[in-house]
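Take the sequence shown: its letters are residues 0 to 196, numbered as in numbering that gives the first Met the number 0. These notes concern the structure reproduced below.
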Amino acid sequence: MFTGIVEELGEIVAVDPARLGIRGRTVASDAKHGDSIAVNGVCLTVTDVDGDVFGVDVMGETYARTALGALVPGDRVNLERAATMATRLGGHIVQGHVDGVGEILKREKEEGWDTVHLRLPEGLAKYIVEKGSITIDGVSLTVMAIGGDEFTVGLIPTTLALTTLGLKGAGDPVHFEVDILAKHVEKLLAAREGASA
């Protein structure tokens with residue numbers, strides 16, 4: 000489990016068909032084999048650590064459901080270690096299980112923040128509510144407005160400076176993870192309706 004509070008911007012240093020090598024001084028400092036680290040919001044398992052570089056295996060299913068396959072050496076990625084029982088929940092409950100890949104439609108520079116317009120993949124809009132939480136590339140954010148399959152978020156200077164969202168523009172893909180509580184409520188209500196039919 001994660002909180003959607005990015006700890007550092009890491010750098011891709013190696014890409015193999017089923018493995019990524021990632022430099023991240025903070026997250027690698029205490030990482031060990033078997034630990035979970037969210038990479039752009041995707042929960043991956045550490046396979047090895049060498050100084051400030053850690054390796055993760057990536058299987059075909061993960062590549063098929065995310066944009067990780069487009070990463071190349073030098074690309075920056077959002078990194079967050081798994082939460083502990085003592086972790087402050089500064090964001091919201093995040094699993095690191097990507098629900099879909101969408102895209103940034105446009106950015107608007109405001110006085111003190113950026114407003115970012117995004118498009119959701121089909122089927123996810125029902126889980127998004129105004130003022131609710133969403134995870135974008137591993138970053139816990141609040142939905143400002145939603146209409147159809149498009150929504151907006153605001154990015155403060157800290158988020159712009161310390162995450163990849165400050166580097167991305169129109170047309171760039173992003174990972175979305177919707178609030179897990181919304182999906183559980185939907186399933187419970189569907190089961191209840193099925194039982195009463």
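Think of the CB as a built atom: it goes at the ideal place given N, C-alpha and C, for glycine as much as any other residue.
Bounds of any beta strand (DSSP E) do not take in THR163, whose DSSP letter is neither H nor E. Spanning the alpha carbons of LEU187 and ALA181 requires a straight line of approximately 10 Å. Residue environment: HIS183 is assigned as exposed (fewer than 16 neighbouring CB atoms within 10 Å of its CB, all protein chains considered). If you draw a straight line from the Cα of CYS42 to the Cα of LYS108, it is about 31 Å long. Excluding sequence positions up to five before and after ARG18, its CB lies within less than 8 Å of the CB of THR46, GLY54, VAL55, ASP56, VAL57, all in the same chain and listed in chain order. The beta carbon of LEU104 sits closer than 7 Å to the beta carbons of HIS116, LEU117, ARG118, GLU149, ALA169 from its chain, once the five residues preceding and following it are set aside; these are given in chain order.
The Cβ atoms of VAL93 and SER139 lie closer than 8 Å to each other. The residue from VAL38, GLY59, GLU10 with its alpha-carbon nearest to that of THR2 is VAL38. For VAL57, the three-state secondary structure derived from DSSP is coil. A straight-line Cα-Cα distance of about 7 Å links THR25 and GLU6. The residues GLY20, ILE21, ARG22, VAL52, PRO72, in chain order, have a CB closer than 7 Å to that of VAL12 in the same chain once the five nearest residues on each side in sequence are set aside. Out of VAL14, ILE127, ALA30, ARG64, the CA that lies nearest to the CA of VAL97 is found in ARG64.
Rounded to the nearest angstrom, the gap between the Cα atoms of ALA30 and ILE133 is 27 Å. The alpha-carbon separation between VAL152 and LYS130 amounts to approximately 10 Å.
Just measuring C-alpha positions, the residue of THR162, PHE175, HIS174, GLU192 sitting nearest LEU8 is THR162. DSSP places GLY95 outside both helix and strand once states are collapsed to three, so it counts as coil. With at least 16 other beta carbons inside 10 angstroms of its own, ARG80 counts as buried. Rounded to whole angstroms, MET84 and GLU176 show a C-alpha spacing of 22 Å.
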